[in-house]
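Asker: Structure below; questions to follow.
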Amino acid sequence: MGQIVFYNELVMTICVLGIVLFLIIVLLVFSLRASGRAAKATEPLVNQMLMMGDGLKTMNESQHVLKGGLDSLASVQSQAMQTMESRLGHVQQQMQDKLHEGAMKNARALAELQERLKDTLQGSNEKTTKSLTQLQERLVTIDKAQMNIEKLSGNVLSLQDILSNKQTRGAFGEIQLNDIVQKAMPPDAYRFQATLSNGKRADCLIHLPNPPGPIVIDSKFPLEAYEKIQAAGTQGELQSAVRDMKTAVRAHIRAISERYIIDGETADGALMFLPSEAVYAELHANFGDVVREGFDARVWIVSPTTCMATLNTMRAVLKDARMKEQAGAIRKELGLLNKDVERLEVRVGNLDRHFGQAAKDVEDIKISATKAGNRAKRLDAFDFADSKDISAENIVSIESENG
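What follows is the structure in structure tokens.
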């Protein structure tokens with residue numbers, strides 16, 4: 003713009019000087035013509051003045067041409083400046099729009115991330131609480147099973163306490179058997195006067211687990227035969243009493259085998275209870291063949307002492323079976339507990355990954371926000387790198403910048 007002003011002032015000065023010079027020449031010409039004495043002398047001067055006027059005219063035309071070129075140059079420069087300002091304004095508007103859009107996207111992403119993190123934390127908290135509650139329930143069940151085992155162990159009665167029981171009454175059979183069974187076995191392990199599927203009533207049914215299964219104890223031993231042996235005064239009476247004893251015991255063994263050994267319902271054997279140690283000793287001392295027949299028929303003869311030992315063995319079997327059941331329950335609960343712990347570990351790992359991903363997302367958002375802030379600061383300061391090289395061909399889109 004300074005050069006244009008300078009050229010305009012120069013042209014105006016030349017024009018003024020040319021006009022003044024032209025007026026001077028005209029005055030001289032008129033002056034010479036008026037005198038008439040130097041007409042011929044002034045003719046060359048007039049010609050020179052005319053030539054000078056032509057030169058001034060040419061110079062004036064050149065000045066007009068120069069002025070037109072300068073005006074055209076000024077117009078081009080003005081248009082270039084307007085185009086540059088328009089493009090810079092467009093770039094500025096694009097950057098502001100993109101920054102605003104990016105800020106909105108970041109805000110929405112941050113809100114969604116916070117919502118997901120909140121839902122995840124809430125769900126993880128509920129699952130953890132549920133797992134801990136289930137874990138506590140499993141532990142309570144295990145404690146109950148342990149208490150049952152301790153209770154079973156505490157209910158075991160010593161054999162010495164049973165053997166020291168002085169039974170002075172003359173009642174035998176069921177009363178003595180009931181007393182022994184009640185002292186030796188837990189209440190839920192037996193039943194008196196149990197009716198079997200064949201309609202027969204057993205004096206006592208011991209509930210053993212399979213195998214061998216429930217086993218019957220019969221207490222209806224024929225004491226009359228034994229009393230005859232004890233009352234025999236002669237050899238003939240003794241031999242007759244011995245024959246009656248064998249017959250009665252064999253018949254009783256056969257009856258027990260037929261009535262109380264039921265395939266699929268009871269054990270494959272039964273017990274014949276003798277209410278006296280003396281009767282038991284008499285059979286084993288003098289009736290060994292009858293005892294062996296009882297073995298063959300799966301009928302085992304027991305006395306109060308051996309019955310107590312047998313019942314304690316059965317009690318041990320029951321205790322072992324129940325402990326196995328409790329141990330199975332404990333193993334089952336421990337398996338469930340192990341699964342709960344594994345699920346808890348998986349959920350804790352998932353929660354840890356969620357926290358890690360959330361931290362990474364927040365860090366990425368912070369980086370994006372920092373970049374956007376820096377761009378906004380540069381835009382606000384109109385500080386563009388290599389701004390002198392910006393042209394329509396060099397403008398880079400915001401998308402490529404973010405890429």
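The opening position of the sequence shown corresponds to residue 3 in the numbering used here, with each subsequent residue numbered one higher.
C-beta atoms are modelled at their ideal positions from N, C-alpha and C, and glycine is treated no differently.
Pair every Cβ in the region 183-192 with every Cβ in the region 311-326, then say whether three or more of these pairs are closer than 8 Å.
Answerer: Result yes; three or more Cβ-Cβ pairs closer than 8 Å.
Asker: Measure the Cβ-Cβ separation of V1 and L137 and say whether it is below 9 Å.
Answerer: This structure leaves residue 1 out entirely; the chain is present only between 3 and 405.
Asker: Are there 16 or more other CB atoms within 10 angstroms of the CB of R317, so buried, or fewer, so exposed?
Answerer: Classification for R317: buried.
Asker: Taking I182 as part of the beta strand (DSSP E), name the residues at either end of that continuous run.
Answerer: Where I182 is concerned, there is no enclosing beta strand (DSSP E), although the alpha helix (DSSP H) it sits in stretches over 176-186.
Asker: For I164, does the three-state DSSP call read helix, strand or coil?
Answerer: Confidence at I164 is low in this model, with a pLDDT of 36, below 50, so the placement of that residue should be treated as unreliable; the coordinate-derived value is given next. The answer is helix: DSSP assigns I164 an H, G or I state.
Asker: Pull up the distance between the alpha-carbon of N150 and that of F275, whole angstroms please.
Answerer: So the two alpha carbons sit approximately 32 Å from each other.
Asker: Buried or exposed, going by whether 16 or more other CB atoms sit within 10 Å of the CB of R203?
Answerer: By the neighbour-count rule (16 or more Cβ atoms within 10 Å), R203 is not buried but exposed.
Asker: At what residues does the alpha helix (DSSP H) containing R300 begin and finish?
Answerer: It is not in any alpha helix (DSSP H) - R300 carries neither H nor E in the DSSP assignment.
Asker: Determine whether the beta carbon atoms of I332 and A111 lie at a separation below 9 Å.
Answerer: Not a contact, by the Cβ cut-off of 9 Å.
Asker: If the criterion is Cβ atoms closer than 9 Å, does the pair Q178 and S133 meet it?
Answerer: Cβ atoms of Q178 and S133: not closer than 9 Å.
Asker: For the region 118-130 and the region 322-338, state whether three or more C-beta atom pairs, one from each stretch, are separated by less than 8 Å.
Answerer: Touching, no.
Asker: Which partner residues of D220 appear in the DSSP bridge assignment?
Answerer: Bridge partners of D220: M274.
Asker: Assuming I264 is part of the beta strand (DSSP E), what are its boundary residues?
Answerer: Run containing I264: none; DSSP gives neither H nor E here.
Asker: Note down the Cα distance separating D99 from A374, rounded to an integer number of angstroms.
Answerer: Cα to Cα, D99 sits roughly 12 Å from A374.
Asker: Helix, strand or coil for L198 per DSSP?
Answerer: DSSP places L198 in coil when its eight states are reduced to three.
Asker: For the pair the region 264-271 and the region 219-234, tell me if three or more CB-CB distances fall below 8 Å.
Answerer: Flag = no, the region 264-271 and the region 219-234 do not touch.
Asker: Taking the alpha-carbon positions, what's the D73 to T85 distance?
Answerer: D73 and T85: Cα-Cα distance of roughly 18 Å.
Asker: Between the alpha carbons of D145 and E260, how many angstroms are there, rounded?
Answerer: If I take the Cα positions, the gap works out to 46 Å.
Asker: Note the first and the last residue of the continuous beta strand (DSSP E) segment covering A204.
Answerer: Here the beta strand (DSSP E) through A204 covers 203-208.
Asker: Comparing alpha-carbon positions, which option in P211, A360, H356, D205 lies nearest G175?
Answerer: Closest by alpha carbon: D205.
Asker: Do you know whose CA, among K379, K362, A383, lies nearest Q116's CA?
Answerer: Of the candidates K379, K362, A383, the one whose C-alpha sits nearest the C-alpha of Q116 is K362.
Asker: Going by C-alpha to C-alpha distance, which of L207, P211, A227 sits closest to V218?
Answerer: When each option's Cα is compared against that of V218, the closest is L207.
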